[in-house]
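One structure is given here, and the rest of the page talks about it.
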Amino acid sequence: MSARKVPLLKPAYVQAHLKFANDHLDDPEEEWEKVMWSDETKIELFGLNSTRRVWRKKKDEYNPKNTIPTVKHGVRALKMGRGWVFQHDNDPKHTARATKEWLRKKHLKVLEWPSQSPDLNPVENLWRELKVRIAQRQSRNLKDLEKVCMEEWAKIPAAVCANLVKTYRKRMISVIANKDYSLLLAVCLGYPAEWTVG
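Counting with my numbering, you get residues 228 to 425 for the letters of the sequence shown.
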């Protein structure tokens, strides 16, 4: 058998996860309900990773017959009351000086978040649920795929999101009990049953 591919877990990432879990273990559930969770994902039209090989000359790499179109959507404006905390994954676009300045000007409190932490973000579970739902429908083109994504996203009940947030203390306990490693790897291999949305 071949070895499983998993994220590179530097000791600093593991220690940051453990510190985060210990620091937030006793946070009341109401605090997690005030977090604006964020994340991005990739949903593709033609299967896993949508890698298609083509025979072409170097100069023809951007000829439409040799490309796969992609669609990106911006973030819509949100109106929120006070007390919200924004969570992001420390991707460079979120930690750029201009972004930090914008967040400061908008008076948005940002949750200190350990890098390389998809296992701690409940949005990852929602992406999984959305992708399972989308896979059950056959999209014929990008416009159809976008429509299916929007329809299936709208069908996910708000209670599912609330239940994922309620599991937060369990995530912290698991990080501490397993010295962080098994929870981080769970994101690659699938989530514990009690964290899934079904």
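Beta carbons: idealized from backbone N, C-alpha and C, even for Gly. All values reported here derive from a predicted model rather than from experimental measurement.
**Request:** Output the boundary residues of the alpha helix (DSSP H) element that contains His244.
**Result:** Pro238 to His251
- prompt: At which residues does the alpha helix (DSSP H) containing Lys397 begin and terminate?
  reply: Tyr395 to Ala404
**Message:** Could you tell me the alpha carbon to alpha carbon distance between Ala243 and Val262, rounded to whole angstroms?
**Reply:** 19 Å
- Task: Go ahead and pull the three-state DSSP assignment for Val281.
- Result: coil
Cβ contact (3+ pairs, closer than 8 Å) linking the stretch 281-294 and the stretch 325-338: no
Assign Pro349 to one of two classes, buried (16 or more other C-beta atoms within 10 Å of its C-beta) or exposed (fewer than that). buried
Quiz item: Among Glu267, Glu258, Trp311 and Arg324, which residue has its Cα nearest to the Cα of Glu351?
Solution: Glu267
> Do Ser342 and Tyr240 have their CB atoms nearer than 8 Å?
Replying inline: yes
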